[in-house]
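Below is one structure, written out as structure tokens, with a few remarks after it.
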């Protein structure tokens, strides 16, 4: 419990979370993307909402927007400071609210016990952007106007406490008060809670907007249904081009050759082709030619008669017979032995096979889809692959592009995999952080979708329940994956993070054996010297104020005889 004058912990840990990435055009708070938006522009948006849909509807939308923002910051607060000191962890919210430029927050009283579910909080607000914006547009009001800010406070406390905490604005600058005052406690402890809870609920306007969005999504789904089959997900032009080729081939009996790097999903495209074809009620049989010893490929493909070779104690049908009427998928066909290639060519041309060790011809009706990550034309030149078989298979080639060329496909793939592995491991995961998703799109994906699948599963396992998958759980090392960033120094200035020059300076400092005090004294001397005695200019070079510089100079018994111009 704390009463008046509660001192905030240093916010250095929070400032480090704010990063500016000019190369990407992004601002980050930890792993959440932020916006640096003109307060006047946001105030204009409030005005348009109020004038367009009325004050009650606008208040509801803005309150719910703030509520959602508060929930996100509460998740961050628990991670940054933990819960060893619950109050220190809780005031991350007010400190972030200030750091984000919303309002100056002074705690008046905080009484909380998370296990017991007890909470009471009273805070003073100064410099509320929302109160100022409302006053500017509408003049003095009878009711408090900091709707988005009060929504943030309620959302933050609710997520932090794990129960609905309702904050009310008791007095507001928009009503003529010198400052704003807010009080929060569990919703059931407010006798007039029913007057305020509707602002946190969806309304007819919002519901209608959601209905319209659903209608649009349904229409979009109907327009893009041709791009959706089981276990095949993508939205990029490269994906759509490959899928259109599959869809056109599906209704024919043409043999298809799928090419692409390992892990791009060639088998899934083959299954999609089968699903879209008239053979979809018949078997889909897959075989990996590279996974079998050369001497077993023929028996696996074409079957074997009893006694054909040592160990063949019973007759057995091969993949062709099992796939009769359906589709046979031959993965890694470039690794098929030459003798088996000859028999495969006959099966493709004549539609008939013979079991190993037998002399009976068996008619089969099979659609063959082959796949390779090798250059079959080069294999033909080297004599490793039959040219006649290549030309027979290459009637309808489809190239599956690598994941690095399909960045638009990464978010829907990641979310589908997240859903899959959350169910598999019995965890509730709310999603991926903005930063994690950005780096996923930046990564080169040498292992393609298979690598993404493994990465998302690891992220689900390591993520906290009801939390998000963090960047660090996906990529233990982040070398060359993030754009250069700048952060906020303790003096409020923007400073570069991890530049090569900084690293070299640190290396030189550690190698010199100099003490911190001697390096500081050297910097003071050098800044004054370069500024020709102008202490104000020297202070600017160091990123500190002139009084701070003067104090350090006096402390180091260094004095300047030059005049401060």
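In UniProt numbering, the protein residues as written are 1 to 565.
We put the beta carbon where it would ideally sit given N, CA and C, even for glycine.
Sub-8 Å separation of residue i and residue j beta-carbons
| i | j | result |
| --- | --- | --- |
| residue 155 | residue 68 | yes |
| residue 393 | residue 257 | yes |
| residue 59 | residue 147 | yes |
| residue 171 | residue 177 | yes |
| residue 255 | residue 348 | yes |
| residue 445 | residue 403 | yes |
| residue 286 | residue 331 | yes |
| residue 125 | residue 105 | yes |
| residue 26 | residue 15 | no |
| residue 87 | residue 128 | no |
| residue 301 | residue 319 | yes |
| residue 351 | residue 284 | no |
| residue 92 | residue 80 | yes |
| residue 406 | residue 260 | no |
Residue i versus residue j - alpha carbon distance
| i | j | result |
| --- | --- | --- |
| residue 539 | residue 520 | 13 Å |
| residue 275 | residue 94 | 55 Å |
| residue 547 | residue 141 | 43 Å |
| residue 440 | residue 265 | 18 Å |
| residue 268 | residue 232 | 6 Å |
| residue 530 | residue 549 | 14 Å |
| residue 66 | residue 251 | 52 Å |
| residue 166 | residue 398 | 58 Å |
| residue 50 | residue 44 | 10 Å |
| residue 534 | residue 525 | 12 Å |
| residue 56 | residue 175 | 17 Å |
| residue 306 | residue 355 | 10 Å |
| residue 555 | residue 421 | 60 Å |
| residue 169 | residue 158 | 16 Å |
| residue 188 | residue 243 | 55 Å |
| residue 408 | residue 61 | 30 Å |
| residue 411 | residue 437 | 7 Å |
| residue 18 | residue 10 | 15 Å |
| residue 545 | residue 463 | 43 Å |
| residue 195 | residue 201 | 12 Å |
| residue 551 | residue 518 | 16 Å |
| residue 82 | residue 528 | 43 Å |
| residue 247 | residue 449 | 21 Å |
| residue 500 | residue 23 | Here the model assigns residue 500 a pLDDT of 48, short of 50, so the residue's position is not dependable and the matter cannot be decided. |
| residue 181 | residue 6 | 16 Å |
| residue 193 | residue 541 | 54 Å |
| residue 249 | residue 272 | 11 Å |
| residue 574 | residue 144 | The chain is shown only over 1 to 565; residue 574 falls outside these bounds and no answer can be derived. |
Limits of the unbroken alpha helix (DSSP H) element including residue i
| i | result |
| --- | --- |
| residue 78 | 55-81 |
| residue 151 | 147-161 |
| residue 518 | 516-530 |
| residue 239 | 237-250 |
| residue 421 | 410-425 |
| residue 36 | Element bounds for residue 36: n/a, residue is neither H nor E. |
Enclosing beta strand (DSSP E) for residue i [first to last residue]
| i | result |
| --- | --- |
| residue 109 | 104-113 |
| residue 274 | Looking at the DSSP string, residue 274 is not in any beta strand (DSSP E); the run it does join, the alpha helix (DSSP H), is 266-276. |
| residue 186 | 180-186 |
| residue 353 | 352-354 |
| residue 125 | 118-126 |
| residue 587 | Residue 587 cannot be examined here, being either before or after the span of the chain that is shown, 1 to 565. |
| residue 169 | 165-171 |
Supposed contact pair residue j and residue i - C-beta distance, whole angstroms, cut 8 Å
| i | j | result |
| --- | --- | --- |
| residue 198 | residue 164 | In fact, because the Cβ distance is near 13 Å, the residues do not count as touching under 8 Å. |
| residue 47 | residue 137 | 5 Å |
| residue 263 | residue 447 | 5 Å |
| residue 304 | residue 328 | With 8 Å as the limit, residue 304 and residue 328 do not qualify as a contact, their Cβ atoms being about 17 Å apart. |
| residue 433 | residue 377 | 44 Å between Cβ atoms; not a contact. |
| residue 371 | residue 294 | Between residue 294 and residue 371 the Cβ distance is about 19 Å, and since that is not below 8 Å, they are no contact. |
| residue 297 | residue 337 | 6 Å |
| residue 334 | residue 374 | 4 Å |
| residue 96 | residue 73 | 5 Å |
Near the ligand ATP: residue i beta-carbon under 7 Å from a heavy atom
| i | result |
| --- | --- |
| residue 145 | This structure does not include the ligand ATP; it has no bound ligands of any sort. |
Does the segment 231-244 come close enough to the segment 422-429 that 3 or more CB-CB pairs lie under 8 Å? For the pair of segments examined, the segment 422-429 was found not to touch the segment 231-244: the number of CB pairs separated by less than 8 Å stays below three.
Would you call the segment 411-425 in contact with the segment 452-465, where contact means no fewer than 3 C-beta pairs closer than 8 Å? The segment 452-465 and the segment 411-425 touch, with three or more beta-carbon pairs separated by less than 8 Å.
Hey, is the segment 106-125 in contact with the segment 33-49, meaning 3+ C-beta pairs nearer than 8 Å? The segment 106-125 vs the segment 33-49: no contact.
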